[in-house]
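Below is one structure, written out as structure tokens; comments come after it.
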Ligand SMILES: NC(=O)c1ccc[n+]([C@@H]2O[C@H](COP(=O)([O-])OP(=O)(O)OC[C@H]3O[C@@H](n4cnc5c(N)ncnc54)[C@H](O)[C@@H]3O)[C@@H](O)[C@H]2O)c1
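Right under this line is the structure:
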């Protein structure tokens with residue numbers, strides 16, 4: 089049987105990257121979906137692709153940082169499908185690639201609103217409907233940037249640390265409800281958010297160097313994060329709760345090293361990469 093047969097799911101940030109890969113995977117696994125994004129055209133294309141493949145997707149255009157959108161999302165899922173089992177709060181923005189000292193207060197507030205207030209509103213409005221239905225699974229996209237410094241702007245990192253904590257602290261608040269909540273911490277994934285970095289590396293002919301700092305020595309694909317989102321969304325993870333799963337090729341497991349020389353398992357010593 090398909091892993092999400094009969095489930096009713098929301099995926100935000102579904103028009104691109106990780107959210108798009110997750111929406112396609114969830115639909116392929118039998119979920120009926122409300123797909124959410126600000127990018128109406130790309131969202132429409134995704135919904136059409138899901139429907140053409142025999143799936144079911146309702147599209148909802150809106151800003152996840154707004155309370156009205158969060159309310160509309162839950163109303164759409166319960167109205168259309170009779171309930172809500174899965175909420176993948178994935179939409180996020182990187183903000184400007186600047187140190188905190190150079191951010192305007194408005195720009196800080198926007199990153200906080202999309203990346204942290206957004207998941208909070210998702211939890212706030214999805215939980216009552218999930219509890220009414222006897223349980224559910226909330227999944228959020230955090231980041232390795234939320235585990236430490238130097239993996240993105242401080243403003244972005246702080247919001248992702250907040251998302252990791254939300255998974256832990258809200259899990260306790262949901263005691264006895266049957267609603268689980270977890271986060272995913274992706275490493276470097278090729279998506280719309282990181283396009284500038286990949287374009288730049290391809291222009292310079294250094295694309296094979298991207299991702300070299302993790303033990304798998306490569307960057308990740310959106311589908312590799314979607315696969316973990318599917319696990320957390322499905323009953324396969326029925327006893328996983330209040331956790332943040334790192335999916336980064338081993339990046340955050342390893343201490344910094346000199347990239348020119350590495351110790352490889354198949355050799356007796358340090359070799360040039
Ligand atoms: N790409 C990476 O390397 C990486 C690493 C760690 C975490 N993440 C996180 O993964 C998540 C998905 O990002 P992605 O990499 O797929 O990027 P992406 O830019 O390809 O996709 C993000 C989607 O979210 C939508 N979105 C942004 N703000 C929104 C808002 N306010 N309301 C509704 N939709 C909105 C965008 O329109 C876009 O379609 C984000 O939370 C991001 O922080 C990405």
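In my numbering, the protein residues as written are 89 to 361.
In this text, a Cβ means the ideal position worked out from N, Cα and C, and glycines have one as well.
Asked, Found
"Here's the rule I'm using: 16 or more other beta-carbon atoms within 10 Å means buried, otherwise exposed. How should residue 176 be labelled?", "buried"
"For residue 239, name the three-state secondary structure that DSSP assigns.", "coil"
"Residue 172 by DSSP, collapsed to three states: which one?", "coil"
"So for residue 125, helix, strand or coil by DSSP?", "strand"
"Use the C-beta contact count for residue 283: other C-beta atoms within 10 angstroms, 16 or more gives buried, fewer gives exposed.", "exposed"
"For residue 287, does the count of other Cβ atoms within 10 angstroms reach 16, so buried, or fall short, so exposed?", "exposed"
"Using a Cβ-Cβ cutoff of less than 6 Å, which residues in the same chain neighbour residue 252 once the five nearest sequence positions on both sides are dropped?", "230, 234, 271 and 332"
"Mind checking which residues open and close the alpha helix (DSSP H) that includes residue 353?", "Per DSSP, residue 353 belongs to no alpha helix (DSSP H) and is neither H nor E."
"Where residue 325 and residue 260 are concerned, what is the direct C-alpha to C-alpha distance, given to the nearest angstrom?", "17 Å"
"Going by DSSP in three states, residue 209 sits in which element: helix, strand or coil?", "helix"
"Flag this pair as yes or no: are the beta carbons of residue 105 and residue 280 separated by less than 8 Å?", "yes"
"Alpha carbon to alpha carbon, how far is residue 245 from residue 135? Give it in angstroms, no decimals.", "31 Å"
"Any heavy atom of ligand 1 closer than 7 Å to the Cβ of residue 104?", "yes"
"Near residue 298, what residues of its chain come up, given a Cβ to Cβ distance below 6 Å and the 5 sequence neighbours on each side ignored?", "289 and 307"
"From this set, 157, 111 and 201, which residue's C-alpha is nearest residue 138's C-alpha?", "111"
"Tell me whether the stretch 94 to 102 and the stretch 157 to 167 touch, counting them as touching only if at least three CB pairs, one residue from each stretch, are closer than 8 Å.", "yes"
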